[in-house]
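Enquirer: In our numbering, the protein residues as written are 852 to 1557. We put the beta carbon where it would ideally sit given N, CA and C, even for glycine. Source: prediction; values computed, not measured.
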């Protein structure tokens, strides 16, 4: 023990040391400060009086008027205790007893994680727990209360004879999670609660039950495991409940049906080059996921995969299946991909003899299988090429790409649309497709006092032969084709591999902008392509590429001092500049007020499920009254053939230091699992160190036209 003080007196007869005046004792990592201290060397007992402060090794601070410590300051009795833990939480107590330096039992005590008011420190905190006895056990990281009451701003709200919670010093601790309550039209009033089981630092589990007045209980479970080189997450639910199905245009009630879901995600980093994983998503029916608020996805994806990374090379093999869970839609026979194999190889840049540049090669194999005797496809594709980047002495930038690809297709149970001409329902088709693509640009810049002006004209030539017999090759992955500013200069504007862009063309465009030295900028791009042959155009109507001259596509991007941001993407007809597609994302941040607006107009696209034009605007805003209070509001308006409000919400949030409070009201006019529209009122409260819980949730349901 080390003692420092203004005055110290040793009494040999009583074997004590008296110290006064700014006394400081350091022992076993603890620091004790007081006005006066009496230390009994014989029994290792320290009595401290006046402005007593004990600093623990972990950062906790205990302040008292009087304290008596022993056992190297690990045991003791204190009066009028005030403790500040290392996470900012606070205890107060009339009396307290410290045991072993890890457990303190307090009488007439209170606990709060709220910081005191700077202007009025004696004012009651936003919330606290007051109890006749409080025990803080640092070994098990838990705070326990007897005869406790919860107070908000000094007003008692609730009472419980016993209560405990983690002390906030660790992230993992077994116990019941905060419950949620509410009402939903299809479920009735419900309550949900879960128990978290901290099995070990590397794995845990959660078990929950959701009880409802209109349906049978829903059981929930989740398991998580993390290894050195792998991780696994499993979750699911099961119930027996009623639902409404639609058959031949009529609603049919399905009663007491076993329903549920399974989610699984796993990943294994085998070594520095190999990894494998899985993603499993399954639901018993198309309404379950939305009815119980698990997801709004239309299609669930299941995947097993293995990947290899080696320098510039990449290889993968995947098995995939899909489940269509769209509500009140005829489910599509989603194909199973059994399997998909990919390989990509990149040579050393500049290593090709004589011509320099870089070689590359790609290969893929794909098997698509459908049930109910529908079209199955096996595809093998192998390609290789050479590319090089050239920069002339006067600044002309040129990229050259020469490649060739060969495809082999074997199709069985061919769809009727392609067999009407008398072709067999099973066939093997081949294709060889060479292509040469060269793109040049000449970027120019001129600096000014506050900004720089840049202008960059671009042109690209693409040469390829005319292919015949493309109708015999099935189209599985090249349907969703759409020209835009990001792909107009690509060598092949078709997604996937099933369709290629044959014949030759030229693509031209211009990029220009102002770029401020402080970070603001404005950038404009405009581009178009022109096919040298008008006949045999492979693109569908609505894609913007179906004519010899493509539609004009462009993009305008701007940002001003991190306050205003704009991204505008457009597509206009080449003859009359009629609108084909407009997308606008605009944001503004005025510190206290933030605004976000998104606008979309898209024409119909032949050959896809987009059979009519769409127009919609989505706006949301946030207003901060101060650093703690915030309001939210927004709406989605359909401007298409059936215009009207689709969704609107308003919310109010309190973002305090130890309390989160949120109120949200939402009106949704889109059809959900039951075919009805809904109004939702949601109230949430979050308490620091006690977690966030849903205080109440009320929903009223009206007919769609209401």
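#1: Mind checking which residues open and close the alpha helix (DSSP H) that includes residue 1138?
#2: Can you give me the Cβ contacts of residue 1362 inside the same chain, cut-off strictly under 6 Å, excluding the 5 residues immediately before and after it?
#3: If we ignore side chains and look at the alpha-carbon of each, how far apart do residue 1084 and residue 1393 end up?
#4: Rounded to a whole number of angstroms, what is the C-alpha to C-alpha distance between residue 1150 and residue 1173?
#5: Looking at residue 889 and residue 913, is the spacing between their C-beta atoms short of 8 Å?
#6: Going by alpha carbons, who is nearest to residue 1112 out of 1082, 1069, 992, 1093?
#7: With a Cβ-Cβ cutoff of 8 Å, do residue 909 and residue 937 count as a contact?
#8: Taking DSSP's pairing of strands, which residues face residue 1275 in a bridge?
#9: Relative to the C-alpha of residue 1535, which candidate in 1332, 1030, 1352, 1388 has its C-alpha closest?
#10: So, at 6 Å on beta carbons, what are the nonlocal neighbours of residue 1119 in its own chain, with the 5 sequence-adjacent residues on each side left out?
#11: Assess, as a yes-or-no matter, whether the segment 1002–1010 is touched by the segment 1035–1047 under the definition of 3 or more beta carbon pairs within less than 8 Å.
#12: Report all residues from its chain with a CB closer than 6 Å to the CB of residue 869; omit the five preceding and five following residues, and keep chain order.
#13: Is it buried or exposed, residue 1343, if we count other Cβ atoms within 10 angstroms and call 16 or more buried?
#14: In terms of residues, what are the limits of the beta strand (DSSP E) holding residue 1213?
#15: Just checking my contact of residue 1041 with residue 1062 at CB under 8 Å: how many whole Å lie between their CB atoms?
#16: Beta carbon of residue 891, beta carbon of residue 866: below 8 Å?
#17: Helix, strand or coil for residue 1322, going by three-state DSSP, please let me know.
#18: In chain order, what residues of the same chain lie with their CB nearer than 6 Å to the CB of residue 1348, ignoring the 5 residues before and after it?
#19: If you drop the 5 nearest sequence neighbours on each side, which residues of the same chain put their C-beta closer than 8 Å to that of residue 1236?
#20: Where does residue 1281 land, buried or exposed, given buried means 16+ other C-beta within 10 angstroms?
#21: In angstroms, rounded to a whole number, what distance separates the CA positions of residue 1056 and residue 1086?
#22: Which residue from 1463, 1110, 1425, 1439 puts its Cα closest to that of residue 1380?
#23: If the criterion is Cβ atoms closer than 8 Å, does the pair residue 1355 and residue 1311 meet it?
#24: Please state the DSSP three-state secondary structure of residue 898.
#25: Thinking just about the alpha-carbon of each residue, which of 858, 852, 1022 is nearest to the one in residue 882?
#26: Suppose you measure from the CA of residue 1525 to the CA of residue 1001; what does that come to, to the nearest Å?
#27: Mind reading off the beta-carbon distance from residue 1378 to residue 1360? Whole number of angstroms is fine, and I expect it under 8 Å.
#28: Which same chain residues end up closer than 6 Å to residue 898 when comparing Cβ atoms and leaving out the 5 residues on each side of it in sequence?
#29: Within its chain, find whatever has a CB closer than 8 Å to the CB of residue 1078; leave out the 5 residues flanking it on each side and keep chain order.
#30: Compare the C-alpha of residue 1297 against each of 1352, 1366, 1089 and name the closest.
#31: Name the two residues that bound the continuous beta strand (DSSP E) containing residue 1519.
#32: Assign residue 858 to buried or exposed, taking buried as 16 or more other Cβ atoms, counted over all protein chains shown, within 10 Å of its Cβ.
#33: Inspect the beta-carbon positions of residue 1313 and residue 1286 and report whether they are closer than 8 Å.
#34: Can you list, in chain order, the residues of its chain with a C-beta nearer than 6 Å to that of residue 1229? Leave out the 5 residues immediately preceding and following it.
#35: Of the residues 876, 1004, 1417, which one's Cα is nearest the Cα of residue 965?
#36: Helix, strand or coil: which one does DSSP assign to residue 1392?
Expert: Let's see:
#1: Looking up residue 1138 in the chain shown gives position 287. No alpha helix (DSSP H) contains residue 1138, which DSSP labels as neither H nor E.
#2: Looking up residue 1362 in the chain shown gives position 511. Within the same chain, and ignoring the five residues on either side of residue 1362 in sequence, the residues whose Cβ sits closer than 6 Å to its Cβ are 1307, 1376.
#3: One-based indexing of the chain shown puts residue 1084 at position 233. One-based indexing of the chain shown puts residue 1393 at position 542. Those two C-alpha atoms are separated by around 43 Å.
#4: Along the chain shown, read from residue 1 onward, the residue named residue 1150 stands at position 299. Along the chain shown, read from residue 1 onward, the residue named residue 1173 stands at position 322. Roughly 6 Å separates the two Cα atoms.
#5: For the purposes of this step, residue 913 is identified with residue 62 of the chain shown, where counting begins at 1. For the purposes of this step, residue 889 is identified with residue 38 of the chain shown, where counting begins at 1. No.
#6: Within the chain shown, the letter at position 261 stands for residue 1112. Among 1082, 1069, 992, 1093, the Cα nearest to that of residue 1112 belongs to 1069.
#7: Within the chain shown, numbered from 1, the residue matching residue 909 stands at position 58. Within the chain shown, numbered from 1, the residue matching residue 937 stands at position 86. It is a contact, given that the beta carbons lie within the stated cut-off.
#8: Start at 1 with the first residue of the chain shown, and residue 1275 comes out as number 424. The beta-bridge partner set that DSSP reports for residue 1275 is empty.
#9: Here residue 1535 corresponds to residue number 684 of the chain shown, with the count starting at 1. Considering only 1332, 1030, 1352, 1388, the residue with the shortest C-alpha distance to residue 1535 is 1030.
#10: For this step, residue 1119 is matched to residue 268 along the chain shown. Cβ neighbours of residue 1119 beyond the five flanking positions: 1081, 1127.
#11: Fewer than three beta-carbon pairs drawn from the segment 1035–1047 and the segment 1002–1010 are found closer than 8 Å, and the two stretches are therefore not classed as touching.
#12: Taking the first residue of the chain shown as 1, we reach residue 869 at position 18. Excluding sequence neighbours, residue 869 sits near 860, 889.
#13: Counting from one through the chain shown, the residue named residue 1343 turns up at place 492. It is buried - the Cβ of residue 1343 has at least 16 other Cβ atoms within 10 Å.
#14: Walking along the chain shown from the start, residue 1213 turns up at place 362. Segment 1209–1220, the beta strand (DSSP E) holding residue 1213.
#15: The residue you call residue 1041 lines up with position 190 of the chain shown. The residue you call residue 1062 lines up with position 211 of the chain shown. Rounded to whole angstroms, the Cβ separation of residue 1041 and residue 1062 is 6 Å, and the two are in contact under 8 Å.
#16: Within the chain shown, residue 891 is the residue found at index 40, counting from 1. Within the chain shown, residue 866 is the residue found at index 15, counting from 1. It is a contact, given that the beta carbons lie within the stated cut-off.
#17: As a working note, residue 1322 is residue 471 in the chain shown. Three-state DSSP puts residue 1322 in a helix.
#18: Residue mapping note: residue 1348 aligns to position 497 of the chain shown, counting from 1. If you ignore the 5 residues before and after residue 1348, its C-beta comes within less than 6 Å of the C-beta of 1232, all in its own chain and listed in chain order.
#19: Taking the first residue of the chain shown as 1, we reach residue 1236 at position 385. Cβ within range, chain order: 1210, 1211, 1212, 1252, 1253, 1254, 1255.
#20: In the chain shown, counting from the first residue as 1, residue 1281 sits at position 430. Counting Cβ neighbours within 10 Å, residue 1281 comes out exposed, since fewer than 16 surround it.
#21: For the purposes of this step, residue 1056 is identified with residue 205 of the chain shown, where counting begins at 1. For the purposes of this step, residue 1086 is identified with residue 235 of the chain shown, where counting begins at 1. Straight-line Cα distance between these residues: approximately 9 Å.
#22: Position 529 of the chain shown, counted from the first residue, corresponds to residue 1380. Shortest Cα-Cα distance from residue 1380 to any of 1463, 1110, 1425, 1439 involves 1425.
#23: Here residue 1355 corresponds to residue number 504 of the chain shown, with the count starting at 1. Here residue 1311 corresponds to residue number 460 of the chain shown, with the count starting at 1. No; because the gap between Cβ atoms is not below 8 Å, this pair is not in contact.
#24: The residue you call residue 898 lines up with position 47 of the chain shown. The answer is strand: DSSP assigns residue 898 an E or B state.
#25: Translated into positions along the chain shown, residue 882 becomes position 31. When each option's Cα is compared against that of residue 882, the closest is 852.
#26: What you label residue 1525 is simply residue 674 of the chain shown in a count that begins at 1. What you label residue 1001 is simply residue 150 of the chain shown in a count that begins at 1. For residue 1525, the predicted model reports a pLDDT of 45, less than 50, meaning its position is unreliable; a value from the coordinates is still stated below. Distance between the alpha carbons of residue 1525 and residue 1001 is about 40 Å.
#27: Along the chain shown, read from residue 1 onward, the residue named residue 1378 stands at position 527. Along the chain shown, read from residue 1 onward, the residue named residue 1360 stands at position 509. Yes, residue 1378 and residue 1360 are in contact; Cβ-Cβ is about 3 Å, under 8 Å.
#28: Numbered from 1 along the chain shown, position 47 holds the residue referred to as residue 898. So the qualifying residues of the chain are 889, 919.
#29: On the chain shown, position 227 is the one that residue 1078 refers to. So the list reads 1053, once near-sequence residues are dropped.
#30: Residue numbering aside, residue 1297 sits at position 446 when the chain shown is read from its first letter. Of the listed residues, the one whose Cα sits closest to residue 1297 is 1366.
#31: The residue you call residue 1519 lines up with position 668 of the chain shown. Element bounds for residue 1519: 1510–1519.
#32: Position 7 of the chain shown holds residue 858. With a 10 Å radius around the Cβ and a threshold of 16 neighbouring Cβ atoms, residue 858 comes out exposed.
#33: Position 462 of the chain shown, counted from the start, is the residue given in the question as residue 1313. Position 435 of the chain shown, counted from the start, is the residue given in the question as residue 1286. Between residue 1313 and residue 1286, the C-beta spacing is below 8 Å.
#34: Reading the chain shown from its first residue, position 378 is the one you call residue 1229. Around residue 1229: 1218, 1261.
#35: Start at 1 with the first residue of the chain shown, and residue 965 comes out as number 114. Nearest C-alpha to residue 965: 1004.
#36: Stepping through the chain shown from its first residue, residue 1392 is reached at position 541. Residue state, collapsed to three classes: coil.
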